[in-house]
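One structure is given below, encoded as structure tokens.
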Amino acid sequence: SSLLQDIRNTVGNIPMEWYQDFPHIGYNLEGKRIYKPIRNKDELDKFLEKMENPDYWRTVQDKMTGADIKLTDEQVDLVHRLQKGQFGDVRFDPYEPAVDFFTHEVMIHPVTNRPADKRSFIPSLIEKEKVSKLVHAIKMGWIKPRKPKEDTPTYYDLWAHEDPNSILGRHKMHVPAPKMKLPGHEESYNPPPEYLLSEEEKLAWEQQEPAERKLNFVPQQYRCLRAVPAYSRFIQERFERCLDLYLCPRQRKMRVNVDPEDLIPKLPKPRDLQPFPTTQALVYRGHTSLVRCLSISPSGQWLASGSDDCTVRFWEVCTARCMKTLPVGGVVKSIAWNPNPTVCLVAICVEQSVLLVNPCLGDKLLYGATDQLLESYVPPEEERVQPVQWVAATIEEHSKGIRLTVQHSKPGRGAAPLMGLACDRLPPCSLQALKQVTWHGKGDYFASVVSDNSNMQVLIHQTSKRWSQNPFRKSKGLVQCVLFHPIRPYFFVATQRYVRVYNLLKQELTKKLMANCKWVSSMAIHPGGDNVICGSYDSKLAWFDLDLSTRPYQLLRHHKKALRSVAFHKHYPLFASGSDDGTVIVCHGMVYNDLLQNPLLVPVKVLKGHALTLDLGVLDVLFHPTQPWVFSSGADGTVRLFT
Numbered sequence: 006s007s008l009l010q011d012i013r014n015t016v017g018n019i020p021m022e023w024y025q026d027f028p029h030i031g032y033n034l035e036g037k038r039i040y041k042p043i044r045n046k047d048e049l050d051k052f053l054e055k056m057e058n059p060d061y062w063r064t065v066q067d068k069m070t071g072a073d074i075k076l077t078d079e080q081v082d083l084v085h086r087l088q089k090g091q092f093g094d095v096r097f098d099p100y101e102p103a104v105d106f107f108t109h110e111v112m113i114h115p116v117t118n119r120p121a122d123k124r125s126f127i128p129s130l131i132e133k134e135k136v137s138k139l140v141h142a143i144k145m146g147w148i149k150p151r152k153p154k155e156d157t158p159t160y161y162d163l164w165a166h167e168d169p170n171s172i173l174g175r176h177k178m179h180v181p182a183p184k185m186k187l188p189g190h191e192e193s194y195n196p197p198p199e200y201l202l203s204e205e206e207k208l209a210w211e212q213q214e215p216a217e218r219k220l221n222f223v224p225q226q227y228r229c230l231r232a233v234p235a236y237s238r239f240i241q242e243r244f245e246r247c248l249d250l251y252l253c254p255r256q257r258k259m260r261v262n263v264d265p266e267d268l269i270p271k272l273p274k275p276r277d278l279q280p281f282p283t284t285q286a287l288v289y290r291g292h293t294s295l296v297r298c299l300s301i302s303p304s305g306q307w308l309a310s311g312s313d314d315c316t317v318r319f320w321e322v323c324t325a326r327c328m329k330t331l332p333v334g335g336v337v338k339s340i341a342w343n344p345n346p347t348v349c350l351v352a353i354c355v356e357q358s359v360l361l362v363n364p365c366l367g368d369k370l371l372y373g374a375t376d377q378l379l380e381s382y383v384p385p386e387e388e389r390v391q392p393v394q395w396v397a398a399t400i401e402e403h404s405k406g407i408r409l410t411v412q413h414s415k416p417g418r419g420a421a422p423l424m425g426l427a428c429d430r431l432p433p434c435s436l437q438a439l440k441q442v443t444w445h446g447k448g449d450y451f452a453s454v455v456s457d458n459s460n461m462q463v464l465i466h467q468t469s470k471r472w473s474q475n476p477f478r479k480s481k482g483l484v485q486c487v488l489f490h491p492i493r494p495y496f497f498v499a500t501q502r503y504v505r506v507y508n509l510l511k512q513e514l515t516k517k518l519m520a521n522c523k524w525v526s527s528m529a530i531h532p533g534g535d536n537v538i539c540g541s542y543d544s545k546l547a548w549f550d551l552d553l554s555t556r557p558y559q560l561l562r563h564h565k566k567a568l569r570s571v572a573f574h575k576h577y578p579l580f581a582s583g584s585d586d587g588t589v590i591v592c593h594g595m596v597y598n599d600l601l602q603n604p605l606l607v608p609v610k611v612l613k614g615h616a617l618t619l620d621l622g623v624l625d626v627l628f629h630p631t632q633p634w635v636f637s638s639g640a641d642g643t644v645r646l647f648t
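For the sequence shown, my numbering assigns the number 6 to the initial residue and increments by one for each residue that follows.
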């Protein structure tokens, strides 16, 4: 009708598949494109439409325009008639009386008075030529007459061409029928007297279950063979024998002969993977309580250790001489030496504060330049709101080496988080103790972790600007430890069961690693940055290949008790784990540049030396930055160097 828009497709009689990759399906009478209707219905949408639309059964799709068309009642009747094999037109009567056009009476005037063709009474030349060709072909023997079919049936030998010496599949897998057990003395008609049952034995035999009986009959004695009666269980036994024969498994099980040694992966010998630490070289004695944490200077000359005796000791690595003891007035939970070799600065976690200490060891120019760098700070004109308080050291603290204190117990408003903007007011930091501090590779930023379940657990601090911020809007669980990626702007946050990897530039979650253990205790990142190891309190070490999967590439269960610490070497393919069983296990962990080759993990040495104290063993492990040496601190109050 003129009211409805005429969307006849004018592309003509062409396959509509040609328009498969185009947004339109043809052109209307005005030459404008007819766009395909948006079809993004899935199976659920189709099912709902089928259930809810009463006209679904009479709706069809027009292939020329792609539109859904609802059939009218007349069209539905037409379809039904065609399905039944009837005529399309309702008014057509196939049984109406025929008009006898040509009558049996010969009329004067013919229907057509056209004269007959000449070709109807002259022989055809074309046919004559064809016949002559066929006659010539038969004479020459090119065309042969058909042979009459023989009605005699043909028989052939099925196994005529079979090699008599070949072993067929059915013969190869042939299982002979199980033979019946030959009769013994007890089945004789006149058995020896020892085979006959006494009255008690007969009674016991009758009370037994049929399956438990040694014999399924009672031996009997007869005078002669003629006196033996018919066997009562004969038919039953024959039937059981037939069952045994046809239920016997005819499939032979092919046993695979595998040497158990071949199933164990071929690992290289430890002596081929040297160098790695093998022997205890030095013991650093001086602490009177648990030594919880260790850190080494970038040069590898000085070692710092934090203990529960409320002191931090600085040692010379090569001589085990204590160069300096710094009382800090609280338990030291974590210690981290600045990785920047041009800065001499150590971050120490004590209760609710991070102390930035200049130990004044080694090159005077180096630690003098560090003090100048810290003193060159110019405070901003407007005081910025931040979740912590940066306090400069007093004269007395300065003389001990303390330069700055970052107090985490300051109430007030927090800075805006990195991972999305937070609300205006943040809850004040609780008075929970700090449990970890870690530096960024460039040495300006460091992160701290508070033993707390709020969104203020993890804070990132910038030393040069004395500025702190809270990167997370809400808590994702109890944070165990955090680490900066050695190369890329990624931040690793380990909670009890997961390790989340955040992109600091994009401010978003990149990956969530599932540790497959009950409680993550520690974490270390390979210097290449593509592999992570996690230690857990349920004595597992999980190795993650970040390019491979979010699940562990391998779970190592070498320790018998909880793992307290894990560490990678910066240059050698080594990693170590320290546990409450008092051992340090050093493993070879080679990561290949070829992405198709999986990392090679081989345990090479178990290092012992620490005595168990209060059911605690090794609390921290640490590799030397340049040498294949490993340091371990234990609950026995000692630090040990294995070389």
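Yeah, the Cβ is synthetic: ideal placement off N, Cα and C, and Gly gets one too.
- Distance between S294 and C486, taken at the CA atoms: about 23 Å.
- Where F244 is concerned, the enclosing alpha helix (DSSP H) starts and stops at 239-252.
- Non-local C-beta neighbours of P28 in its own chain, meaning closer than 7 Å and more than five positions away in sequence, comprise Y40, K41, ordered along the chain.
- If you draw a 10 Å sphere on the C-beta of H292, you find 16 or more other C-beta atoms in it, and that means buried.
- With contacts defined as CB atoms closer than 9 Å, S570 and V623 qualify as a contacting pair.
- Straight across, the Cα-Cα distance linking P282 with H593 is about 11 Å.
- Shortest Cα-Cα distance from Q441 to any of S638, L248, V609, L464 involves L464.
- Annotation: the continuous beta strand (DSSP E) that includes D625 extends over 623-628.
- In this structure, T324 sits away from T648, with a CB-CB distance that is not shorter than 9 Å.
- For I143, DSSP assigns no beta-bridge partner whatsoever.
- Between V537 and Y503, the gap from beta carbon to beta carbon reaches 9 Å or more.
- Taken atom to atom, the span from the alpha-carbon of V95 to that of I74 is near 23 Å.
- Unbroken beta strand (DSSP E) runs of no fewer than 3 residues, entirely contained in the region 448-531, are found at 450-455, 463-467, 472-474, 486-489, 495-499, 503-508, 513-519, 525-530, following chain order.
- In the three-state DSSP reduction, Q377 falls in the helix class (H, G or I).
- By the criterion of at least three beta-carbon pairs nearer than 8 Å, the region 437-454 is not in contact with the region 370-377.
- Here Q632 is not near G367, since their CB atoms are 9 Å or more apart.
- In the three-state DSSP reduction, K369 falls in the helix class (H, G or I).
- By the 16-neighbour rule on beta-carbons within 10 angstroms, T443 is buried.
- Taking C-beta atoms as the reference points, N508 and D550 fail to come closer than 9 Å.
- DSSP places I131 within a helical segment (H, G or I) once states are collapsed to three.
- For the set D47, K481, Q462, E48, the Cα lying nearest the Cα of Q474 is the one of Q462.
- DSSP, reduced to helix, strand and coil, places A216 outside both helices and strands of the structure shown, so it counts as coil.
- Of the candidates K575, F451, V261, the residue whose Cα lies closest to the Cα of I353 is F451.
- In this structure, S310 places its C-beta atom within 9 Å of the C-beta atom of V644.
- When the five nearest sequence neighbours on each side are left out, the beta carbons in the same chain lying within less than 6 Å of the beta carbon of D313 are those of S294, L295, V336, in order along the chain.
- For M185, the three-state secondary structure derived from DSSP is coil.
- Around the beta-carbon of S137, fewer than 16 other beta-carbon atoms lie within 10 Å, marking it exposed.
- A286 carries a strand assignment under DSSP once its states are collapsed to helix, strand and coil.
- It is roughly 25 Å from the alpha-carbon of H574 to the alpha-carbon of N363.
- Burial is judged here by how many other beta carbons sit within 10 angstroms of a residue's own beta carbon; L601 has fewer than 16 and is exposed.
- Secondary structure note for M56: it is in no beta strand (DSSP E), and the uninterrupted alpha helix (DSSP H) holding it is 48-57.
- DSSP places W548 within a strand segment (E or B) once states are collapsed to three.
- Looking at the DSSP output, P332 bridges to T316.
- The three-state secondary structure of P265, taken from DSSP, is helix.
- In this structure, the alpha-carbon of G540 lies about 59 Å from that of Y251.
- In this structure, A572 places its C-beta atom within 9 Å of the C-beta atom of L627.
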